[in-house]
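Enquirer: Starting off with a structure, shown below.
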Amino acid sequence: MKNLQEATERICELKGSMIALDALVTALIKALPASARTGLTESFEAYAEAARTVLLHADISDVVLVTFERDAARHRAVLRGCAAPAAVPTTAGGSP
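The sequence shown lines up with residues 19 to 114 when you count with the working numbering.
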């Protein structure tokens, strides 16, 4: 049982870290001038496509793919200066 508790705590730590990183990235994007956002958008799209290719050929959960696509869409919206798109539903049961 201890290992399950430790794994759950670690997952929660990772979630907290990702939320903090997401807030930082969003703030950095919003602080950039529009001209810099254009270049960042192009670079982001190229890196996101490379990441997508890797993810599609990796032995990972569908939850990872759905989360990647949801967050990539949100970052695209932030780069365009728009509100974030509607949340993409996750699989039943969710995760810790």
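C-beta atoms are modelled at their ideal positions from N, C-alpha and C, and glycine is treated no differently.
#1: Runs of 4 residues minimum, wholly inside the region 48-88: which ones carry the alpha helix (DSSP H) assignment?
#2: With a threshold of 6 Å on Cβ separation, who are the neighbours of A110 within its own chain once the five nearest residues in sequence on each side are excluded?
#3: Measure the C-alpha to C-alpha separation of N21 and C30 and round it to an integer number of angstroms.
#4: Evaluate V82 with the Cβ neighbour count: other Cβ atoms within 10 Å of its Cβ, from every protein chain shown; 16 or more gives buried, anything less gives exposed.
Expert: Per the coordinate set shown:
#1: Listed in chain order, they are 52-74.
#2: As a first step, residue 110 must be located in the sequence shown, where it is residue number 92. Per-residue confidence for A110 stands at a pLDDT of 48, beneath the threshold of 50, marking its modelled position as unreliable; no derived number is given.
#3: On the sequence shown, residue 21 is found 3 positions in, with the first residue counted as 1. On the sequence shown, residue 30 is found 12 positions in, with the first residue counted as 1. C-alpha separation (whole angstroms): 14 Å.
#4: Taking the first residue of the sequence shown as 1, we reach residue 82 at position 64. Counting every other CB atom within 10 Å of its CB across the protein chains shown gives V82 a total below 16, marking it as exposed.
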